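For the sequence shown, position 92 (counting from the first letter as 1) is numbered 92 according to the working numbering, and the numbering increases by one without interruption. Working notes, beginning with the structure itself.
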Amino acid sequence: MRASGNRLTREQARELLVKLDSAMAGSRGRASREAMVKFLNTAVSTYSWVGIYAVEGKDLVLDAWAGPAATEHTRIPIGRGVCGFAAKAGRTEIVSDVSKDPRYLQCFMSTRSEIVVPVANQGVVIGEIDIDGDQLDAFSSLDREFLEAVAKKASNVWT
Ligand code: SME
């Protein structure tokens, strides 16, 4: 199923969570994250680039990604960029227009909006899901809810 055109609907989000389980096929660790990014990038048309970063010391290190191009930001200090901010704060960040956010670190010319969702284990941030959208304001509170549920799944099979 593909969320065509615009933003995700509640019904689509519910179905996507079920399909994500099949896509992950009982995998764990890095393989589970590879499956997740591929699934999210393919199944949701507004998720133009999908990455999962892992916390390594004081940095976020890119662990798995799916999208049209590689990013140069494969290591981001916690506290830098929208990614580093979300990891430090331990909460989801939605940027509806990246051109208006001074924290934003550019990866792709096409990106107009971004969502970053921390992955936590017992309250400690161990990684995050970072999604770039090619449309302005691509992410709603429903994407937040959906991706926070995805982040819990990622945490459950992180190692
Ligand atoms: N835009 C992010 C950097 C990562 S790229 O989007 C892949 C940020 O501002 O932290």
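Backbone N, C-alpha and C define an ideal beta-carbon position, used for all residues, glycine too. Treat the numbers as computed from the prediction; the structure is a model and nothing was measured.
Here DSSP, grouped into helix, strand and coil, assigns Glu72 to coil. Distance from the CA atom of Gln135 to the CA atom of Gln106, rounded to whole angstroms, is 15 Å. Asp132 is bridged by DSSP to Trp49, Glu114. According to the DSSP secondary-structure assignment, Pro77 is paired through a beta bridge with Asp59.
Of the candidates Leu20, Asp101, Ser110, Glu93, the residue whose Cα lies closest to the Cα of Val116 is Glu93. Gly123 has its alpha-carbon roughly 13 Å from the corresponding atom of Glu148. Short note on Asp132: C-beta closer than 7 Å to some heavy atom of the ligand SME.
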